[in-house]
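Here's the structure we're looking at; comments come further down.
Structure, rendered in structure tokens:
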């Protein structure tokens, strides 16, 4: 029993030092106190491990972000992680007309008033091209990034 406790104590000390935990160290005083120290140390390690696991899982989730640009003439964006969709909004009188481009339908056109027109295209390199003639529009790029 004493060898098992000493072996378990040494293992816990190694795990704690390797993980950099601030859990209490186990000291051998008498069998009852040592068991209590072991239980306290193990509970601390479990709590700390669960907190670290939860924090890592949250940081590795995919995040959806949106960039917005004013489009006057041709516009070419930077490369994104993965473009989910692009929306081009064009004011037309008292309303706003929109065009939606998605990875399975990469191009869209929105006609405006008085021969104004805006186009949007999602490129295979995860960049987005947009162009408006006669009037300006707004481009919204919705994209996914992993691990933020």
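Residue numbers (the numbering used here): 155 to 302.
Using N, Cα and C, we set each Cβ at its ideal position, and we do this for glycine too.
Tell me whether residue i is buried or exposed, calling it buried when 16 or more other Cβ atoms sit within 10 Å of its Cβ.
i	result
residue 250	exposed
residue 172	Low confidence applies here, because residue 172 scores a pLDDT of 45, under 50, leaving its location unreliable; read the following figure in that light. So residue 172 counts as exposed.
For residue i, name the three-state secondary structure that DSSP assigns.
i	result
residue 283	strand
residue 231	coil
residue 221	strand
How far does the beta strand (DSSP E) with residue i in it reach, from first residue to last?
i	result
residue 243	236 to 246
residue 265	261 to 265
residue 255	249 to 255
Nearest to residue i by alpha carbon, out of the options?
i	options	result
residue 294	247, 248 and 218	218
residue 245	280, 297, 269 and 299	269
residue 282	252, 262 and 202	262
residue 256	248, 275, 287 and 265	275
Can you grab the Cα-Cα spacing for the pair residue i / residue j, in whole Å?
i	j	result
residue 290	residue 277	21 Å
residue 285	residue 260	14 Å
residue 229	residue 198	55 Å
residue 243	residue 299	24 Å
residue 240	residue 271	16 Å
residue 287	residue 266	9 Å
residue 234	residue 201	37 Å
residue 221	residue 227	18 Å
residue 258	residue 296	15 Å
residue 252	residue 292	9 Å
residue 279	residue 236	9 Å
residue 254	residue 225	15 Å
residue 160	residue 238	In this prediction, residue 160 has a pLDDT of 42, which is less than 50 and means its spatial position is unreliable; what the coordinates show is noted afterwards. Roughly 56 Å separates the two Cα atoms.
residue 273	residue 232	17 Å
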